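> Numbering (full-length UniProt numbering), first residue to last: 1 to 376.
Glycine included, every Cβ here is placed at the ideal spot set by N, Cα and C.
Here the structure is a predicted model, which means the values were calculated and not measured.
Before anything else, here's the structure in question.
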């Protein structure tokens, strides 16, 4: 029944043909926020709110829009007016008017001769070309930067090659970070100073130590959190954990098969539910239930390992709750040490935990079955 429900929820989205979404066009006047997704998105509308657009080709042609946030293989503003524009793509071309700021990232970012950004431009890419007007400052980083138009404020550039064309005009300082000086053509006007700033290379050793320290802190925090969770589960469900650990020890391969099957089915089911809008709450609940079951399985695996260590020295399992807790924690430490073995350690621990999940799931299922008395 659950499988049928998954298929029923997923069927509408799977049956919808892709060609119906290939071209998305927006025209006319709109007063609310617009979200557009398609293979080719064409906008020629007046929108008094924000427009979010994503597609292989995204174009705004003579559009009047408050704010634009666009992403695609090719993003183009062709005429029209937008207040702010944020764009990312292999090619970003601005041939219209941006009243405020432009933030762009792409393989090629180009402000065409007919393009105008009345405030600041922040751009990063492989190639950046400014042939139009930038009313404020320009801050850009790329392999190659070429300025053929005008920049009202300062130009702060980082690139391997910087070219200032003969028709270029920079109203403030030209600040460049490069291993070679900019190529400034005769006729170019730079009203401020031309300043070179060394490209400081990062301290690799310090960065490595910082990353190691952050990783160590995160690792210790995770270890403490897992330890506390195992202690809580062992204290709250001592009988369940003990029975499951005994079952895993008696039938390890059976428990492993049950655990792998349980985890695969649960994760696949939660994934199918997440894929459908209506099933997201149920998918989230199933996912967190699976995570809780995995923690119970880890506790079972830890007790199984701890008791195995004890049996090397003694024949019987511990009896008192405190002793069982101690050997369970010791088993968890042993599993953590095994996981430090490159590649193989994680596989071994994963299989042991999966067996713990299978044994725990089996015990939970058996406890949930109602007891029937035979009719006399």
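List the whole-angstrom C-beta distance separating residue 230 from residue 302, where the pair is believed to meet the contact cut-off of C-beta under 8 angstroms.
Confirmed, about 6 angstroms.
> At 4 residues or longer, and completely inside the segment 267 to 319: list those alpha helix (DSSP H) runs for me, N to C.
For the segment 267 to 319, whole alpha helix (DSSP H) runs of length 4 or above, ordered along the chain, are 280 to 313.
> So, residue 58 versus residue 81, is the Cβ gap smaller than 8 angstroms?
No. Outside cutoff.
> Residues in the same chain with beta-carbon distance under 8 angstroms from residue 331, minus the five sequence neighbours each way, listed in chain order, please.
Within the same chain, residue 331 has close Cβ partners 301, 302, 303, 304, 305, 306, 307, 308, 309.
> Would the C-beta of residue 39 count as close to the ligand HEM, meaning under 7 angstroms from any of its heavy atoms?
This structure lacks the ligand HEM, and indeed carries no ligand of any kind.
> Out of curiosity, what's the CA-to-CA distance linking residue 218 and residue 340?
Going by the C-alpha atoms only, they are around 16 angstroms apart.
> Between residue 153 and residue 178, which are expected to be in contact by the criterion C-beta below 8 angstroms, what is the C-beta distance as a whole number of angstroms?
So it is not a contact: roughly 20 angstroms between Cβ atoms.
> Quick one: residues in its chain with C-beta nearer than 6 angstroms to the C-beta of residue 97, no 5 flanking neighbours on either side, listed in chain order?
The residues are 81, 116.
> In this structure, what does DSSP give as the bridge partners for residue 34?
The partner list for residue 34 (beta bridge, DSSP) reads 51.
> Is the distance from the Cβ of residue 150 to the Cβ of residue 134 below 8 angstroms?
Their beta carbons are under 8 angstroms apart, which means residue 150 touches residue 134 by this criterion.
> By DSSP, does residue 2 sit in helix, in strand, or in coil?
In this prediction, residue 2 has a pLDDT of 31, which is less than 50 and means its spatial position is unreliable; nothing more can be read from the coordinates.
> Identify the residues that DSSP records as bridge partners of residue 60: which are they?
Bridge partners of residue 60: 43, 77.
> DSSP three-state call for residue 99: helix, strand or coil?
Coil at residue 99, not helix or strand.
> Opposite residue 108 in the DSSP bridges: which residues?
Partner(s): 91, 127.
> With DSSP as the reference, label residue 216 as helix, strand or coil.
Correct three-state label for residue 216: helix.
> What residue does the beta strand (DSSP E) around residue 157 start on, and which one ends it?
First-last of the beta strand (DSSP E) with residue 157: 155 to 158.
> Taking the alpha-carbon positions, what's the residue 132 to residue 32 distance?
Rounded to the nearest angstrom, the two C-alpha atoms are 31 angstroms apart.
> Based on DSSP bridge pairs, tell me the residues matched to residue 122.
Residue 122 pairs with 103, 139.
> Pull the bridge partners of residue 84 from the DSSP assignment, please.
DSSP, once it has assigned bridges, lists 67 as partnering residue 84.
> Please determine, among 273, 254, 228, 251, the residue with the shortest C-alpha to C-alpha distance to residue 296.
Nearest option by C-alpha distance: 228.
> For residue 251, report the span of its alpha helix (DSSP H) as first-last.
No alpha helix (DSSP H) holds residue 251; DSSP gives it neither H nor E.
> Going along the chain, which residues of its own chain have a beta-carbon closer than 7 angstroms to the beta-carbon of residue 351, five neighbours each way excluded?
Closer than 7 angstroms at Cβ, skipping near neighbours: 256.
> Classify residue 146 as buried or exposed, calling it buried when 16 or more other Cβ atoms lie within 10 Å of its own Cβ.
Buried.
> Who are the Cβ neighbours of residue 130 in its own chain at under 6 angstroms, not counting the five residues just before and after it?
Taken in chain order, the residues that qualify are 111, 147, 149.
> When the Cα atoms are used, what is the spatial distance from residue 176 to residue 77?
Taking the straight line from one Cα to the other gives about 28 angstroms.
> By how many angstroms is the C-alpha of residue 287 removed from the C-alpha of residue 416?
Limits of the chain in this structure are 1 at one end and 376 at the other, which puts residue 416 out of reach.
> With distances taken Cα to Cα, identify the nearest neighbour of residue 246 among 44, 207, 355.
Selected option, being the one with the closest Cα: 355.
> Have a look at residue 19 and residue 65 and give me their C-alpha separation to the nearest angstrom.
Model confidence at residue 19 stands at a pLDDT of 38, short of 50, so the residue's coordinates are unreliable; what they give is reported in the following sentence. Using only the alpha carbons, I get a separation of about 27 angstroms.
> Could you pull the start and end residues of the alpha helix (DSSP H) that residue 330 belongs to?
Run containing residue 330: 321 to 339, per the alpha helix (DSSP H) assignment.
> Fully enclosed by the segment 339 to 369, which beta strand (DSSP E) runs are 3 residues long or longer?
Those beta strand (DSSP E) runs which fall completely within the segment 339 to 369 and span 3+ residues do not exist here.
> How about residue 109 and residue 123: do their beta carbons lie closer than 8 angstroms?
In this structure, residue 123 lies closer than 8 angstroms to residue 109 by Cβ.
> So, residue 62 versus residue 44, is the Cβ gap smaller than 8 angstroms?
In this structure, residue 44 lies closer than 8 angstroms to residue 62 by Cβ.
> Check whether the Cβ atoms of residue 164 and residue 142 sit closer than 8 angstroms, and answer yes or no.
The answer is no: Cβ separation not under 8 angstroms.
> Tell me which residue opens and which closes the beta strand (DSSP E) that residue 25 is part of.
That run of the beta strand (DSSP E) goes 23 to 26.
> By the DSSP assignment, the beta strand (DSSP E) with residue 175 in it spans what residues?
Start and end: 174 to 177.
> Under the DSSP definition of a beta bridge, which residues are partnered with residue 231?
DSSP lists no partner for residue 231.
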